[in-house]
Amino acid sequence: MAMPVPYESTGRTQQKSRTRQALVDATRELLARGLTPQVEEAAEHAGVSRTTAYRYFANQRALLVAAHPQLAPESLLPDDPPDDPRERLDAVIRAFTRYNFEWEPQLRASLRLSLEPGAPRPALRQGRAIAWIAEALAPLRATHPDRDVNQLAVAIRSATGIETLVWLLDVAGQSRDEATETVLGTARALLAAFGG
1 MAMPVPYEST GRTQQKSRTR QALVDATREL LARGLTPQVE EAAEHAGVSR
51 TTAYRYFANQ RALLVAAHPQ LAPESLLPDD PPDDPRERLD AVIRAFTRYN
101 FEWEPQLRAS LRLSLEPGAP RPALRQGRAI AWIAEALAPL RATHPDRDVN
151 QLAVAIRSAT GIETLVWLLD VAGQSRDEAT ETVLGTARAL LAAFGG
(Lines of atoms letter the chains of each structure in order from A and count residues from 1; the text may use other names and numbers.)
(Lines give C-alpha, C1' and ligand atoms only; values in the text may rest on other atoms or scores of the structure.)
Protein backbone atom coordinates (compact mmCIF):
# COMPACT_ATOMS: atom_id res chain seq x y z
CA MET A 1 0.00 0.00 0.00
CA ALA A 2 1.49 3.35 -1.06
CA MET A 3 1.89 6.10 1.52
CA PRO A 4 0.19 9.41 0.67
CA VAL A 5 2.62 12.10 -0.48
CA PRO A 6 2.38 15.36 1.52
CA TYR A 7 1.13 18.34 -0.48
CA GLU A 8 4.38 20.22 0.04
CA SER A 9 6.45 17.37 -1.48
CA THR A 10 4.88 17.56 -4.92
CA GLY A 11 5.05 20.11 -7.73
CA ARG A 12 6.65 23.50 -7.09
CA THR A 13 8.38 22.55 -3.85
CA GLN A 14 10.38 25.78 -3.46
CA GLN A 15 7.26 27.94 -3.83
CA LYS A 16 5.42 25.66 -1.43
CA SER A 17 8.26 25.92 1.05
CA ARG A 18 8.07 29.74 0.87
CA THR A 19 4.29 29.68 1.35
CA ARG A 20 4.57 27.38 4.35
CA GLN A 21 7.25 29.61 5.86
CA ALA A 22 5.09 32.70 5.27
CA LEU A 23 2.27 31.04 7.22
CA VAL A 24 4.62 30.08 10.06
CA ASP A 25 6.12 33.60 10.15
CA ALA A 26 2.64 35.16 10.18
CA THR A 27 1.64 32.87 13.05
CA ARG A 28 4.72 33.84 15.02
CA GLU A 29 3.98 37.54 14.46
CA LEU A 30 0.39 37.11 15.63
CA LEU A 31 1.51 35.11 18.67
CA ALA A 32 3.97 37.89 19.52
CA ARG A 33 1.01 40.29 19.56
CA GLY A 34 -0.72 38.12 22.12
CA LEU A 35 -3.09 36.40 19.68
CA THR A 36 -3.53 32.67 19.15
CA PRO A 37 -4.44 32.56 15.46
CA GLN A 38 -6.63 30.11 13.66
CA VAL A 39 -5.41 28.89 10.25
CA GLU A 40 -7.56 31.42 8.40
CA GLU A 41 -6.19 34.32 10.49
CA ALA A 42 -2.61 33.31 9.77
CA ALA A 43 -3.51 32.98 6.09
CA GLU A 44 -4.97 36.48 5.99
CA HIS A 45 -1.93 37.93 7.75
CA ALA A 46 0.41 36.10 5.35
CA GLY A 47 -1.56 37.11 2.25
CA VAL A 48 -2.36 33.48 1.45
CA SER A 49 -5.80 32.15 0.59
CA ARG A 50 -7.62 30.15 3.27
CA THR A 51 -7.90 27.17 0.94
CA THR A 52 -4.16 27.19 0.33
CA ALA A 53 -3.39 27.58 4.03
CA TYR A 54 -5.46 24.53 4.91
CA ARG A 55 -3.41 22.48 2.43
CA TYR A 56 -0.41 23.11 4.69
CA PHE A 57 -2.09 23.06 8.10
CA ALA A 58 -5.26 21.05 8.61
CA ASN A 59 -6.03 22.77 11.92
CA GLN A 60 -4.87 25.33 14.46
CA ARG A 61 -2.90 22.75 16.42
CA ALA A 62 -0.75 21.81 13.40
CA LEU A 63 -0.16 25.50 12.69
CA LEU A 64 0.87 26.31 16.25
CA VAL A 65 3.16 23.30 16.50
CA ALA A 66 4.86 24.43 13.27
CA ALA A 67 5.36 27.91 14.78
CA HIS A 68 7.16 26.42 17.79
CA PRO A 69 10.83 27.44 17.80
CA GLN A 70 13.16 24.88 16.33
CA LEU A 71 16.28 25.67 18.31
CA ALA A 72 18.49 22.66 18.78
CA PRO A 73 22.05 23.66 19.58
CA GLU A 74 24.23 20.95 20.96
CA SER A 75 25.03 23.08 23.98
CA LEU A 76 24.08 26.28 25.77
CA LEU A 77 27.54 26.52 27.33
CA PRO A 78 29.94 29.18 26.05
CA ASP A 79 32.73 28.12 23.67
CA ASP A 80 35.30 27.89 26.46
CA PRO A 81 33.16 26.71 29.40
CA PRO A 82 34.41 26.97 32.97
CA ASP A 83 35.16 23.82 34.97
CA ASP A 84 33.12 24.84 38.02
CA PRO A 85 29.64 23.23 37.95
CA ARG A 86 27.97 26.31 39.46
CA GLU A 87 29.45 28.65 36.85
CA ARG A 88 28.48 26.20 34.10
CA LEU A 89 24.95 25.90 35.45
CA ASP A 90 24.60 29.68 35.74
CA ALA A 91 25.62 30.09 32.08
CA VAL A 92 23.13 27.45 30.90
CA ILE A 93 20.22 28.72 33.01
CA ARG A 94 20.77 32.31 31.87
CA ALA A 95 20.92 31.20 28.21
CA PHE A 96 17.88 28.94 28.62
CA THR A 97 15.88 31.73 30.27
CA ARG A 98 16.82 34.18 27.47
CA TYR A 99 15.64 31.58 24.96
CA ASN A 100 12.34 31.17 26.81
CA PHE A 101 11.74 34.92 26.84
CA GLU A 102 12.78 35.33 23.20
CA TRP A 103 10.27 32.68 22.11
CA GLU A 104 7.73 33.26 24.89
CA PRO A 105 4.58 33.66 22.72
CA GLN A 106 5.32 30.47 20.76
CA LEU A 107 6.27 28.54 23.90
CA ARG A 108 3.10 29.69 25.67
CA ALA A 109 1.05 28.46 22.70
CA SER A 110 2.87 25.11 22.78
CA LEU A 111 2.29 24.90 26.52
CA ARG A 112 -1.45 25.46 26.02
CA LEU A 113 -1.50 22.73 23.38
CA SER A 114 0.36 20.32 25.65
CA LEU A 115 -2.24 20.79 28.37
CA GLU A 116 -5.17 19.72 26.20
CA PRO A 117 -6.59 16.33 27.25
CA GLY A 118 -5.25 13.55 25.05
CA ALA A 119 -2.90 15.90 23.23
CA PRO A 120 0.05 14.31 21.45
CA ARG A 121 3.43 15.45 22.72
CA PRO A 122 4.25 18.74 20.95
CA ALA A 123 7.74 20.10 20.39
CA LEU A 124 7.76 21.61 23.88
CA ARG A 125 8.28 18.17 25.41
CA GLN A 126 11.43 16.99 23.67
CA GLY A 127 13.70 17.14 26.72
CA ARG A 128 16.41 19.25 25.09
CA ALA A 129 16.79 21.43 28.17
CA ILE A 130 17.53 18.40 30.37
CA ALA A 131 20.47 17.53 28.10
CA TRP A 132 21.74 21.13 28.23
CA ILE A 133 21.53 21.16 32.04
CA ALA A 134 23.11 17.70 32.34
CA GLU A 135 26.02 18.90 30.22
CA ALA A 136 26.48 21.85 32.59
CA LEU A 137 26.55 19.42 35.50
CA ALA A 138 28.96 16.96 33.81
CA PRO A 139 31.89 17.69 36.19
CA LEU A 140 29.74 16.30 39.03
CA ARG A 141 29.90 12.84 37.46
CA ALA A 142 33.58 12.67 38.44
CA THR A 143 33.26 14.33 41.86
CA HIS A 144 30.01 12.57 42.86
CA PRO A 145 30.08 9.19 41.07
CA ASP A 146 27.57 7.70 43.50
CA ARG A 147 24.91 10.37 42.82
CA ASP A 148 22.35 10.60 39.99
CA VAL A 149 23.36 13.71 38.05
CA ASN A 150 20.62 13.14 35.47
CA GLN A 151 17.98 13.23 38.19
CA LEU A 152 19.43 16.56 39.36
CA ALA A 153 19.17 17.87 35.78
CA VAL A 154 15.49 16.82 35.69
CA ALA A 155 14.85 18.55 39.04
CA ILE A 156 16.51 21.75 37.83
CA ARG A 157 14.60 21.64 34.54
CA SER A 158 11.32 21.28 36.41
CA ALA A 159 11.99 24.63 38.10
CA THR A 160 13.40 26.61 35.17
CA GLY A 161 11.37 26.20 31.95
CA ILE A 162 8.56 28.15 30.33
CA GLU A 163 6.05 26.55 32.70
CA THR A 164 7.85 28.04 35.70
CA LEU A 165 8.38 31.39 34.00
CA VAL A 166 4.67 31.67 33.14
CA TRP A 167 3.83 31.12 36.81
CA LEU A 168 6.45 33.61 38.01
CA LEU A 169 5.27 36.29 35.56
CA ASP A 170 1.51 35.74 35.60
CA VAL A 171 0.82 34.52 39.13
CA ALA A 172 3.70 35.80 41.24
CA GLY A 173 3.80 39.08 39.30
CA GLN A 174 7.56 39.11 38.89
CA SER A 175 9.34 41.10 36.20
CA ARG A 176 11.41 39.20 33.66
CA ASP A 177 14.60 40.19 35.51
CA GLU A 178 13.15 38.98 38.82
CA ALA A 179 11.96 35.73 37.24
CA THR A 180 15.44 35.17 35.78
CA GLU A 181 17.00 35.60 39.20
CA THR A 182 14.37 33.32 40.79
CA VAL A 183 15.02 30.40 38.42
CA LEU A 184 18.76 30.94 38.72
CA GLY A 185 18.49 30.92 42.53
CA THR A 186 16.38 27.77 42.46
CA ALA A 187 18.87 26.01 40.16
CA ARG A 188 21.73 27.04 42.48
CA ALA A 189 19.83 25.81 45.55
CA LEU A 190 19.18 22.42 43.96
CA LEU A 191 22.85 22.15 43.01
CA ALA A 192 23.90 23.09 46.56
CA ALA A 193 21.51 20.53 48.05
CA PHE A 194 23.10 17.92 45.77
CA GLY A 195 26.48 18.83 47.22
CA GLY A 196 27.85 20.61 44.17
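Residue numbers (the UniProt record's numbering): 1 to 196. Backbone N, C-alpha and C fix where the C-beta goes; we use that ideal spot for every residue, glycine too. Since the model is a prediction, treat every value here as computed from it, not as a measurement.
Using the beta-carbon count (16 or more within 10 Å), is residue i buried or exposed?
i	result
P73	exposed
P145	exposed
W167	exposed
R141	exposed
L115	exposed
V171	exposed
S17	exposed
P117	exposed
A179	buried
Do residue j and residue i count as a contact pair if the criterion is CB distance below 9 Å?
i	j	result
residue 261	F194	A question about residue 261 goes unanswered here, because the residues of the chain that appear run from 1 up to 196.
A53	A66	no
T51	P37	no
A22	A46	yes
T19	V48	yes
F96	A129	yes
W132	S175	no
V149	A134	yes
L31	L191	no
I93	I156	yes
A91	L107	no
Determine the DSSP secondary structure at residue i, reduced to helix, strand or coil.
i	result
P139	helix
T160	coil
D79	coil
Q14	helix
L124	For L124, the predicted structure reports a pLDDT of 49, less than 50, and the residue's modelled location is therefore unreliable. The matter cannot be settled from this model.
R147	coil
F57	coil
E181	helix
E29	helix
P105	helix
L190	helix
T51	helix
T19	helix
L35	coil
Could you please give the first and the last residue of the uninterrupted alpha helix (DSSP H) stretch that includes residue i?
i	result
N100	P85 to E102
V171	Where V171 is concerned, there is no enclosing alpha helix (DSSP H), given that its DSSP letter is neither H nor E.
L115	Careful: L115 lies outside any alpha helix (DSSP H) and carries neither H nor E.
V39	V39 to A46
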